[in-house]
Structure formats: structure tokens, C-alpha cells
Amino acid sequence: MGLKIFIRHVPDGVDDAALEKIFEGYGVILSIHLRSVKAPHKPLVRHGFIVRSSSVMKTQ
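In the numbering used here, the protein residues as written are 25 to 84.
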């Protein structure tokens with residue numbers, strides 16, 4: 025059993041329920057993480073990433 029990581033853009037102000045909806049269809053999620061990145065002269069960008077078992081098939 026391996027792990028897979030999926031990364032998606034997350035808009036500002038997203039609550040936990042909406043965050044789970046962003047990753048809906050990716051199977052059993054082992055963990056969800058949020059990271060914000062600020063590049064010089066660029067707007068703040070937030071990304072959410074999930075970790076799940078690679079043995080679980082994507083349903084979408």
C-alpha cells in the first residue's frame with residue numbers, strides 16, 4: 025500500500041466542510057493540510073493537499 029498526494033487551489037475563507045468538498049471523490053482521505061505561499065509582488069496563494077492510500081480508486 026502506497027500513498028498519493030493531490031493538490032488543489034483553496035480560496036480564502038474556506039471552512040472545513042467546504043475544504044472536504046473540494047477533494048470530494050478522491051476516496052478515503054488520510055489527512056488534509058493547508059499551506060499559504062506568498063511570492064514577491066504576487067497575491068497570497070493557498071493550496072490544500074490531501075494524503076490518501078494509493079489502493080483507493082478515484083470515483084470521479
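Don't be surprised by glycine CBs; every beta carbon is placed ideally from N, CA and C.
Residue from the options whose Cα sits closest to the Cα of residue i
| i | options | result |
| --- | --- | --- |
| Glu44 | His33, Leu68, Ile56 and Gly26 | Ile56 |
First through last residue of the alpha helix (DSSP H) which encompasses residue i
| i | result |
| --- | --- |
| Lys45 | Asp40 to Ile46 |
Residue i - containing beta strand (DSSP E), residue span
| i | result |
| --- | --- |
| Leu68 | Here Leu68 belongs to no beta strand (DSSP E), and DSSP marks it neither H nor E. |
| Val61 | Ile53 to Val61 |
Proximity test, Cβ basis, 8 Å: residue i and chain C
| i | result |
| --- | --- |
| Ile56 | The structure shown has no chain C; it contains just one protein chain. |
Contact set for residue i: own chain, Cβ-Cβ below 8 Å, skip 5 residues either direction
| i | result |
| --- | --- |
| Phe47 | Phe30, Arg32, Ile53, Ile56, Gly72 and Ile74 |
| Leu27 | Leu54, Val75, Arg76, Ser77 and Ser78 |
7 Å CB neighbourhood of residue i in its chain, flanking five on each side removed
| i | result |
| --- | --- |
| Leu68 | Ser60 and Lys62 |
| Tyr50 | Phe30, Ile74, Arg76 and Lys82 |
Proximity of residue i and residue j at Cβ, strictly below 8 Å
| i | j | result |
| --- | --- | --- |
| Asp36 | Arg70 | yes |
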